[in-house]
Structures are given as structure tokens and as C-alpha cells.
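Working notes for the structure below.
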Amino acid sequence: MACSTFHTLLEKRSFWITCLTKTRLSKPIPCLLHEDLTTHDLASLKRIALQYLRLERNWDLPKPQIIGSIKTVKLPGSEPKFDIVFQVPGTELYVLHARPRGFMTCWDIGLGKAVCPPIHVAQQILDVSPGQDQPGRFSMGLLVNDGDIESPNLSLVIVCLEYSLSTAKVQINFRHYLSPLFCHWAVFMTKEVVGVLRCDVSRRDPTIDLLALNISSKKVTMIKTDIPYNPSNEDGHSATSACDGDIFILIEHGSTSVSFCCPKEYLPHDSNESCPDESFHRCNASALRILDGSGTRYHAEGALSSDSFYGVPAVSMHSVVNPLAEGNIIHIRFWTRSSSSPKTLSLLQSANVRGVLHDSPGSAWQLMLIPHSGRQVLLVADFNENVVLRLVRHNLETSAASVHELELPPFIDLSLVYSLALDDYRGVISLLDGRGNLFAIPYA
């Protein structure tokens, strides 16, 4: 009777809709974030659930296995050189940026072709925000330079991909030009506000400002802080993340991680009509420092930000050299909003990857990334004279993050890879190499 009752339950659409709806509140599932599950028939709902279970089982293995065929697309020409700006989670759509001409377009790797005309954005992309995932559109804030080092032409832009089952369109929804007299880095974005960290380095004892703009009204707000500026704050050593409208800043120095919070009442969101043009906020720092008396040296490799929906708004990485241990490691920290002190970030989990980050000569960014969910880290490392691919996972069920070894077929030369993408909704890792090959590798 019990088996018969359970079998009957499994044949009800409502059962699968309820299970999948609850699951995607804590973990991505293999469909769009805003997918209306009630439009799926029973077979489709079962397919989503089984693909999710396959991926979870596979990525729990020490060496996850490739499941299915690898899709390969040859991008046109040796120049321009493409970079993956973002992949829309749960789809086969990739927004690519072409260096040095500076145009951007969308490719569908399932169709093996570009699906919209290119648009000019800028020659260089210096930084990106976490994406904003909305029904039928995916947006991202970019810090770009359409000039050169001697004559920079900096701006803050929002690039939006609008898509449906049959159409796709890349467009610029917002652009604000920035003064070349300031240093700018660490873009942040919410549905209503976009901004960037800024500093006047010519000042004595410079501090960090937040430049924030309302996306609809273009209202500009400057929030000055007492956060001291250090040259290592730039180039990926600090990250900005939005959590319920508050902006968190995570800064890495050696073995120390320091977080600050700018409350949403300082920002020019739509309902904050009285937001001043300029304000000052004294940030209370929350610091985590790892002390090791064995002479261990920490070097901050970067701080990455993600959407806060799944509770991991930031991840930081350090290269660690311990004279008493064999070889170097990459130390990875997953961060969450503190439950006891909501204006700070607290360490959620950490993991160590053996080796050092691989340096690809053609890469615009370091070969490490986190997906939109923030729950995984994908990186390319040098270990024992080999170039290896590693997946690091934040696990809700355990007290520590886990490290997984991803093996590749012989026809993919990892030493030539210079751009990455990770879709942890469908379980697909994408690699772009110097020969113009874009590989989509399925794990579910």
C-alpha cells in the first residue's frame, strides 16, 4: 500500500512542482531562476529533477565524470580575441566581448552561432558586477575603458541581454562616464542602483568612496568613508556585494580579510527620494586574520562577488606558502552575511587547493571564477608540473567546502585555455582556448 501510494504521488505534477520549488530556494536547479514550473508537463518536471540529482551525485565525487557529449564551437578568426563576459544560468547563451575592437555579441552554443548583431561597448572590460537575473533578461554592470593607458576613457555601463526561445538582443541600458583623475574598481549593482568604488590617490592618507547611481533617474550619490586606501585594494583584491540593498565591501590584505558595510539608506534607490548628493559613513570593520607561527606567507589573489540569493555573496582566494609543508596551496574562503551581526560578513566555509593559480598569457582575467550562485569556485592551477582544473564546492550539509578534480579529454589542452564559465544550474563548465574553441562540458 505504501509503495502504491508513493508511486501515485510520483505521477502527480503538483508533487514535483512543490519539490523543485522548495529545492531552488537553497540550490540551483537545471532551469532558469524565474522559470514558471507550472507550465511544465510531468515528463519535463521529472527530467529537471533527475538532472539535478545526477549533478549533485556527480559533483559530490572526488573526480566528477563528464556525462554526455562535449559541445564545441569554433569562434571566427584569430582576431578579434573573445572573452566570456557571462553565461545566462540555465541556458546555452553566452555574451562574448571581442578584444581589441570592443564589440559584444551573444552566442548560442547549442546552435553554434551568434544570435544577435554585435554592439560596441569598449576596448577593455576592467571589472564586472554580479549579474541581475530577471525573467527574459540578464544584466551586468561593467567598468570599461574605451581609450588607452595614457588617455583613458572610463565609464560605468550596464549591458543587458534580452532573450526568448527564438530571439536575443544585447544592448547598453546605461552609461556614466568617469573621471580619469580617480582610481575606480569593484563594480556593484542591484535592480535599482549601480556603482563603483573610487579613490583620489593624490590625497594624503586617501580613503575609499562609493560612487552610486540610480539606474532609472541617473541620480548620482557620493558616499565618502573612512576606509583606508591601499594599492592592493585594486586589481581583484576587493569585492563589492549587494545583500538586501546593503553594499558589502570585502578587502584582502595578506592573511587578513576585512569587511565593511554601506547601509542601503545611503544609496539612491527608487524609494529613497531624500538621498543626499554626498554623505559620509563611518564603516565599522569586521576582520578575520589567520595567524600561523610556522612562517606561512599569505598573498591575496582576489575577492569575487556573486548574487546573494543563495547566501554566498563573496569568495576570496589567497596563495599560501608554508616552508614546513610540501608545495603551495590556494586557500579559498566562502563568505555569508552574519546572522548575529547583519552589517558584517562572516566566514562560512574554506578549502585548500594544492598548487598555484595558472597564468595564461592571453587571459584578460585570472583563471578563477564563481558562478551567479556563488556556491562553487572553478579555477585552473599549476600542480606538479601539470595544468589542472579544480572545482571547489560550498556544501550546506557539511562543515567544510570540498575540492574536486575535473579531468578533461585529450583534445582539450588546458594550457591554452584563457577564459572560463560555470553554469551550476545545468552542470556545464565552459572553456575557451587560444585557438578559438569554445567547449561546453556537461556533468549531468
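To get my numbering, take the position in the sequence shown, counting from 1, and add 3.
Even for Gly, the Cβ is constructed at its ideal location relative to N, Cα and C.
As the structure is a prediction and not an experimental result, all values here were calculated from the model.
- Secondary structure note for S158: it is in no alpha helix (DSSP H), and the uninterrupted beta strand (DSSP E) holding it is 157 to 166.
- Shown here, P103 sits in coil according to DSSP, grouped into three states, outside any helix or strand.
- Restricting attention to V261, S17, Y313, the CA atom closest to the CA of Y232 is found in V261.
- When DSSP states are grouped into helix, strand and coil, K267 belongs to the helix group.
- Contact holds between the segment 143 to 152 and the segment 124 to 132, because three or more Cβ pairs, one in each stretch, are under 8 Å apart.
- Taking C-alpha positions only, D229 is separated from C246 by approximately 21 Å.
- Under the three-pair Cβ rule at 8 Å, the segment 181 to 196 counts as touching the segment 243 to 257.
- Each of V315, S7, P345, F442 was checked against the Cα of H375, and the nearest Cα belongs to V315.
- Under the three-state reduction of DSSP output, S29 falls in the coil class, being neither helix nor strand.
- In this structure, the alpha-carbon of G139 lies about 32 Å from that of G437.
- Each of Y166, T108, I175, W19 was checked against the Cα of D44, and the nearest Cα belongs to W19.
- Per DSSP, the beta bridge partners of L425 are I432.
- Short of 7 Å from the beta carbon of S72, and not among the five residues preceding or following it, lies no beta carbon of its own chain.
- Cβ contact annotation for A367 (same chain, cutoff 6 Å, sequence separation greater than five): D86, in chain order.
- Using a Cβ distance threshold of 9 Å, A447 and N61 count as a contacting pair.
- In the three-state scheme derived from DSSP, where H, G and I count as helix and E and B as strand, W368 is classed as coil.
- A straight line joining the alpha-carbon of D273 with that of D280 spans about 14 Å.
- The residue from P33, L53, L35, I32 with its alpha-carbon nearest to that of L13 is L53.
- For E304, the three-state secondary structure derived from DSSP is strand.
- Counting along the chain, no beta strand (DSSP E) covers A447, and no H or E run does either.
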